[in-house]
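Enquirer:
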Amino acid sequence: MTLANFLTIRGLTVKKQETIDQLNEKIVEELSEEEVSEEIEEADRYTYDIEMAVTKLSKIIKESEITDKQSSKSLLNPNAHEFINYTNHQESQPQPSFMHANTSASVFSNSSMYHKLPKLNLPTFGGNMLEWQPFWDSFSAAVHDNLSLNDVQKFNYLKSQLFGEATQCIAGLQITNTNYGQALHVLKQRFGQPHKIVQTYMQSLISLPSPTSNITHLKKFYDSMENYIRGLESIGESHESFGSLLVPIILNKLPGNIRENMVRAHGGDHWNLPSLRQAIQHEITIKEAGQSVNGDDIEPNYTPTSAFFTGTNRNYANQKGKRDITKKPCIFCQGVHAPLACKNVMEIEDRKRIVKEKQACFNCLGNHRVADCKSDKTL
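Convert by adding 726 to the 1-based position in the sequence shown; the result is the number in my numbering.
1) What's the C-alpha gap between Ile792 and Leu733?
2) Identify, in the order they occur along the chain, each residue of the same chain with its Cβ nearer than 8 Å to the Cβ of Thr850, setting aside the five sequence neighbours on each side.
3) For Arg1003 and Gln908, I'd like the C-alpha separation in whole angstroms.
4) Based on DSSP bridge pairs, tell me the residues matched to Phe851.
5) Taking the continuous alpha helix (DSSP H) assigned at Trp862, which residues delimit it?
6) Is Cys1059 near Ile941, with beta carbons less than 9 Å apart?
7) Answer yes or no: do Tyr954 and Leu856 have a C-beta to C-beta separation smaller than 9 Å?
8) Indicate the three-state DSSP secondary structure (helix, strand or coil) for Phe1058 in the structure shown.
9) Below 8 Å, how does it come out for the segment 920–930 and the segment 958–972: are there three or more Cβ pairs, yes or no?
10) Leaving out five residues before and five after Pro920 in sequence, what residues of the same chain have Cβ atoms less than 7 Å from its Cβ?
11) What three-state label does DSSP hand Val989 in the structure shown?
12) Inspect the CB distances between the segment 895–904 and the segment 868–886 and report whether three or more fall short of 8 Å.
13) Please report how far the alpha carbon of Gln894 lies from the alpha carbon of Ile976, in whole angstroms.
14) Assuming Met928 is part of the alpha helix (DSSP H), what are its boundary residues?
15) Would you kindly report the start and end of the unbroken alpha helix (DSSP H) that includes Phe1088?
16) Please work out which residues of its chain come closer than 7 Å, Cβ to Cβ, to Phe968, disregarding the five sequence neighbours upstream and downstream, and give them in chain order.
17) Does the Cβ of Val1062 have 16 or more other Cβ atoms within 10 Å, making it buried, or fewer, making it exposed?
18) Since Gly1016 and Glu1073 should fall inside the 8 Å C-beta cutoff, what is the C-beta to C-beta distance between them, to a whole number of angstroms?
19) Alpha carbon to alpha carbon, what distance is there between Ile896 and Ser864?
20) Just confirm the distance between the C-beta atoms of Leu1151 and Ala868, as a whole number of angstroms; I'd bet it's less than 8 Å.
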């Protein structure tokens, strides 16, 4: 058999593969997601066999070209009969009832296509715009940029990682090669537009609840603030572009005594976002150190309503008939100390605000109204 014969056979085989791929795509459009998953292994096996035949034929052609250059002898290749028998055998095999979607030759040359889809440990996404970029970075690295997967397989992976609003926005798209790209476009338009993500980060920062002077509340506020700021930086936003807007907002959220301490340490210079972040972190470090040194776990004896004022530690230790007081968390900061000894919330107005928010008694800090208070201790 001549080199021309080999080239003709390879061309016909490739053309046959293209025809089958077109039929496969039409069939897949009529299948449900479950049916596609059931047929994927059988379809991959058949297409894999075709690809192997084309690869073997290409090898024969290459060997024939080398032989032709080395000598002017006959181009008849002993492997030709082997290939003809192989292709005839493949044509005699029954084709599967359902074919997998259209895929490129480069995909099928990878032997990993011969088995079912492996399970991947990927993050899920439900529609929170602030979680889109981390989700997409992980999905892109593991699935989207994986050359061993075709678009139908990628679409299967994508749908398995979505829930909630993210699932609903692509619910009408069937799993096909073409629809995978369409699904990505819809998701990126809804959740991945940079200006929308920036707006969401900024709104989240503005909506942060104001902390009290309690170390736990202050740390929670700082961690949330840092998380949102780092999120802005991760999408290419520089603190120079949004810092001047955030500085007054963040400062106004801080308790008065915290601001005073920060200004005292910082001086009267103009604040910028990096210096403000550093100052809050420094204040947290100082409060943590002071908390451990002062031994806030020791609860003094006190009159409940005197806790609204600082420096009024009344000692009733020597009073007759004194009963042991059951230790309860401080109403102002939830620390393990008496409200009177609280060093985290020092301002009278802050203390009154907290009692009002918790709907506690202004007379004894109990869980009832002042009108119902039976305590003989008054403010």
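We put the beta carbon where it would ideally sit given N, CA and C, even for glycine.
Expert: So, from the data block:
1) The residue you call residue 792 lines up with position 66 of the sequence shown. The residue you call residue 733 lines up with position 7 of the sequence shown. Rounded to the nearest angstrom, the two C-alpha atoms are 15 Å apart.
2) In the sequence shown, counting from the first residue as 1, residue 850 sits at position 124. Result list for Thr850: Phe861, Gln887, Leu888, Phe889, in chain order.
3) The sequence position of residue 1003 within the sequence shown is 277, counting from 1. The sequence position of residue 908 within the sequence shown is 182, counting from 1. When rounded, the distance between both Cα atoms is 42 Å.
4) Looking up residue 851 in the sequence shown gives position 125. The partner list for Phe851 (beta bridge, DSSP) reads Leu888.
5) To locate residue 862, count along the sequence shown from 1; it is residue 136. Residues 858–865.
6) If you number the sequence shown from 1, residue 1059 lands on position 333. If you number the sequence shown from 1, residue 941 lands on position 215. Here Cys1059 is near Ile941, since their CB atoms are less than 9 Å apart.
7) Looking up residue 954 in the sequence shown gives position 228. Looking up residue 856 in the sequence shown gives position 130. The answer is yes: Cβ separation under 9 Å.
8) Reading the sequence shown from its first residue, position 332 is the one you call residue 1058. Residue state, collapsed to three classes: coil.
9) yes
10) Position 194 of the sequence shown, counting from 1, holds the residue named residue 920. Around Pro920: Ile961.
11) Along the sequence shown, one-based indexing puts residue 989 at 263. Residue state, collapsed to three classes: helix.
12) Contact between the segment 895–904 and the segment 868–886 is present, because at least three Cβ pairs lie under 8 Å.
13) Numbered from its first residue, the sequence shown carries residue 894 at position 168. Numbered from its first residue, the sequence shown carries residue 976 at position 250. The alpha-carbon atoms of Gln894 and Ile976 are separated by roughly 36 Å.
14) Along the sequence shown, read from residue 1 onward, the residue named residue 928 stands at position 202. That run of the alpha helix (DSSP H) goes 920–932.
15) Residue numbering aside, residue 1088 sits at position 362 when the sequence shown is read from its first letter. Premise fails: Phe1088 is in no alpha helix (DSSP H) and is neither H nor E.
16) The residue labelled residue 968 in the question sits at position 242 within the sequence shown. For Phe968, where only same-chain residues beyond five positions count, the Cβ hits under 7 Å are Met928, Leu958.
17) The sequence position of residue 1062 within the sequence shown is 336, counting from 1. Flag for Val1062 reads exposed.
18) For the purposes of this step, residue 1016 is taken as residue 290 along the sequence shown, with counting starting at 1. For the purposes of this step, residue 1073 is taken as residue 347 along the sequence shown, with counting starting at 1. That belief does not hold up - the Cβ atoms of Gly1016 and Glu1073 are roughly 17 Å apart, past 8 Å.
19) In the sequence shown, residue 864 corresponds to position 138, counting from 1. In the sequence shown, residue 896 corresponds to position 170, counting from 1. If you take the alpha carbons of Ser864 and Ile896, they lie about 20 Å apart.
20) Any question about residue 1151 goes unanswered here, given that the chain covers just 727 to 1105.
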